[in-house]
Amino acid sequence: MKPTSSPKTYRVKSFGCQMNVYDGERMAEMLGEQGILPAPEGEEADLVVLNTCHIREKAAEKVYSDIGRLTKAGRKVGKEPLIAVAGCVAQAEGEEIMKRSPAVSMVVGPQAYHRLPEMLGRAVKGERSTDTDMPAIAKFAALPERRRTNPASFLTVQEGCDKFCTYCVVPYTRGAEISRPYSDLVTEAKKLVDAGAKEITLLGQNVSAWSGEDERGHKVGLAGLIRDLARIDGLARIRYTTSHPADMDDDLIAAHGEIEKLMPFLHLPVQAGSDRVLRAMNRSHTAESYLRLLERFRTARPDLALSGDFIVGFPGETDAEFEETLALVGEVKYAQAFSFKYSPRPGTPAATMDGQVAKEVMDERLQRLQTALNRDQLAFNEASLGRTCEVLVERNGKLAGQWLGKSPWLQSVWFEGDAVIGDLVRAELVEAGPNSLAGKLRETVTA
Ligand code: 5AD
Ligand code: SF4
């Protein structure tokens with residue numbers, strides 16, 4: 001590659017999960033520390049970071065076509081951008097990306113992106129580099145302090161996964177489960193609040209497996225961490241995601257009834273309603289044990305909103321087994337959910353299982369499932385009408401004078417009136433749609 005001048009502007013494009021959004025923010029902060037500015041909206045950036053996701057289909061193909069588009073656009077303005085591929089596709093494909101895409105100068109995995117500035121130094125000299133090391137949590141110590149944030153911020157507390165669900169690439173791309181130390185998390189949470197965060201969502205691929213030691217040397221789990229973070233003045237809301245049913249302990253269930261700042265929302269993927277399919281997925285719970293667990297959460301916090309993830313068309317899934325998923329959905333009545341067609345991930349056990357399900361069958365199942373989930377989501381939103389609740393204002397709405405924020409149950413609520421981003425207001429929910437609610441501003445709680 002030819003040497004080039006140091007980039008003046010950057011753009012980080014994050015795909016996939018919230019952990020990637022968090023990583024994308026930290027990469028942006030790091031580039032900011034190097035004196036590189038975010039590229040203005042609509043302008044080509046000198047440096048583009050594609051922060052990729054590998055969890056479902058065609059992730060790699062999407063990356064290659066994005067790279068193609070970037071080089072073409074660059075040629076038009078007479079300067080091709082420096083391109084870094086980060087995230088889980090970088091981890092999974094590594095050198096392959098370098099071979100296939102001469103326009104890429106940096107390939108950096110999710111555990112190595114703290115080394116991006118060094119790699120950038122080499123890229124400017126025309127050298128290409130790949131770093132897909134997994135030095136556990138070295139990354140966090142090497143990142144700059146948090147200085148900017150959104151009213152609703154993410155904080156990665158745990159990374160990696162040891163569960164090895166048979167369809168999932170995460171244990172391979174993100175590595176083994178590690179918990180960030182308690183004191184680092186408390187410090188980072190305080191920094192986020194100082195920078196304006198009112199809500200923090202604790203993130204981890206298997207967040208409920210987080211464990212650590214508090215400052216007195218006592219062992220604490222996620223509930224203990226939440227309890228201590230709730231003491232931070234100025235922090236109004238705490239959420240966490242994503243959990244695995246096997247790691248939900250009594251303390252966490254109790255926390256939902258006791259800690260006011262812990263929002264009444266639980267994202268607890270079930271994936272399927274058939275015990276045979278769950279076994280083949282290596283999920284370690286049954287439909288029944290999942291339902292019983294939810295009951296305990298609902299007893300602790302009766303207004304808890306539930307969310308889940310589903311996969312249709314896992315290898316060998318029969319029509320009757322799929323019906324069991326619909327039956328489970330009918331019982332739980334999710335407030336929201338994510339549902340996907342099974343997609344074979346190279347290197348995972350399910351990818352080579354017998355009984356791969358035809359695309360048309362998956363399409364039909366997904367449609368039926370989503371119809372049921374949408375019906376329940378609308379019903380949940382309609383049942384909220386008449387409630388007056390706190391809404392954290394996160395952004396401007398579509399029209400002038402409109403604001404958009406989240407209810408405690410993670411519903412999108414828009415309203416009109418006197419507010420600014422970051423306000424916590426009280427609004428009465430007056431109109432319900434499938435994806436959002438309209439509110440009437442009653443009062444501002446914090447300015
Ligand atoms: N195919 C389809 N969906 C998947 N997920 C993970 N791996 C796959 C796959 N191979 C879904 C699961 C998980 C969510 C983050 O993505 O539902 O909970
Ligand atoms: Fe993947 Fe299963 Fe781990 Fe979730 S719990 S990240 S689905 S292996």
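No gaps in the numbering here: position 365 of the sequence shown is 365 in the UniProt record's numbering, and each next residue is one more. Ideal Cβ placement from N, Cα and C applies to all residues, glycine included.
Sorry if obvious, but does the Cβ on residue i come closer than 7 angstroms to a heavy atom of the ligand 5AD?
i: Phe154; result: no
Based on DSSP bridge pairs, tell me the residues matched to residue i.
i: Ile253; result: Ile253 pairs with nothing; no bridge assigned.
i: Met106; result: Ala84, Ser129
i: Cys389; result: Ala427
i: Glu416; result: Gln402
i: Ala28; result: Partner(s): none; Ala28 has no beta bridge.
i: Ser436; result: Ser412
i: Gln205; result: Looking at the DSSP assignment, Gln205 forms no beta bridge with any residue, so it has no partner.
i: Lys13; result: Leu50
i: Ile238; result: Ile200, Leu262
i: residue 448; result: Residue 448 is absent from the model: the chain starts at 1 and stops at 447.
i: Asn396; result: Trp403
i: Pro38; result: Tyr10
i: Gly308; result: Ala337
i: Ala152; result: Glu199
i: Lys72; result: Beta-bridge pairing links Lys72 to no other residue.
i: His267; result: Ser307
i: Ser211; result: Gly221
In angstroms, rounded to a whole number, what distance separates the CA positions of residue i and residue j?
i: Gly401; j: Asp418; result: 8 angstroms
i: Asp309; j: Leu82; result: 36 angstroms
i: Ser5; j: Arg395; result: 36 angstroms
i: Val391; j: Ala254; result: 24 angstroms
i: Ala272; j: Glu25; result: 33 angstroms
i: Lys191; j: Ser153; result: 11 angstroms
i: Tyr22; j: Glu321; result: 36 angstroms
i: Gln370; j: Gln356; result: 21 angstroms
i: Tyr113; j: Ala230; result: 30 angstroms
i: Arg52; j: Cys88; result: As written in the sequence, residue 52 is Thr, which differs from the Arg given in the question. So the two alpha carbons sit approximately 6 angstroms from each other.
i: Ser101; j: Ala28; result: 23 angstroms
i: residue 448; j: Leu37; result: Because the chain spans 1 through 447 in this model, residue 448 falls outside it and cannot be assessed.
i: Pro151; j: Asp194; result: 11 angstroms
i: Val169; j: Leu441; result: 44 angstroms
i: Ser179; j: Gly221; result: 10 angstroms
i: Lys333; j: Val420; result: 34 angstroms
i: Ser105; j: Met134; result: 20 angstroms
i: Ala447; j: Ser436; result: Summary for Ala447: the model assigns pLDDT 46, below 50, so the residue's position carries little reliability; its value from the coordinates is reported in the next sentence. So the two alpha carbons sit approximately 24 angstroms from each other.
i: Ala372; j: Arg174; result: 33 angstroms
i: Glu364; j: Thr241; result: 29 angstroms
i: Ala223; j: Asp251; result: 6 angstroms
i: Phe340; j: Gly68; result: 27 angstroms
i: Leu278; j: Val329; result: 15 angstroms
i: Tyr167; j: Ala337; result: 19 angstroms
i: Pro171; j: Asp131; result: 18 angstroms
i: Glu431; j: Lys198; result: 26 angstroms
i: Gln111; j: Ala358; result: 36 angstroms
i: Ser407; j: Leu262; result: 13 angstroms
i: Val48; j: Lys13; result: 8 angstroms
i: Val107; j: Pro3; result: 17 angstroms
i: Glu33; j: Ile232; result: 27 angstroms
i: Glu93; j: Arg146; result: 30 angstroms
i: Glu127; j: Val186; result: 39 angstroms
i: Ala123; j: Met1; result: 8 angstroms
i: Arg298; j: Gly257; result: 9 angstroms
Just checking residue i against the ligand SF4 - is the residue's beta carbon closer than 7 angstroms to any of the ligand's heavy atoms?
i: Pro181; result: no
i: Asn20; result: no
i: Phe314; result: no
i: Gln111; result: no
i: Pro40; result: no
Roughly how far, in whole angstroms, is the beta-carbon of residue i from the beta-carbon of residue j, given that I think they are within contact range, below 8 angstroms?
i: Pro315; j: Asp354; result: 7 angstroms
i: Leu293; j: Met248; result: 6 angstroms
i: Leu116; j: Ala84; result: 7 angstroms
i: Ser307; j: His267; result: 4 angstroms
i: Ala45; j: Thr71; result: That pair is no contact at about 13 angstroms.
i: Val157; j: Gly204; result: 5 angstroms
i: Pro269; j: Arg301; result: Wrong, their Cβ atoms sit about 19 angstroms apart, outside the cutoff.
i: Ala86; j: Leu50; result: 7 angstroms
Counting only C-beta atoms, is residue i closer than 8 angstroms to chain B at any point?
i: Val270; result: Absent from the structure is chain B; it holds one protein chain and no more.
* Asked: Residues with a Cβ closer than 6 angstroms to any heavy atom of the ligand 5AD, in chain order?
  -> Ile55, Arg56, Tyr167, Cys168, Pro269, Gln271, Asp309, Ile311, Phe340, Tyr342, Ser343, Arg345
* Asked: Under a criterion of Cβ closer than 6 angstroms to any non-hydrogen atom of the ligand SF4, which residues qualify, in chain order?
  -> Cys161, Lys163, Phe164, Cys165, Cys168, Val170, Pro171, Gln205, Asn206, His244
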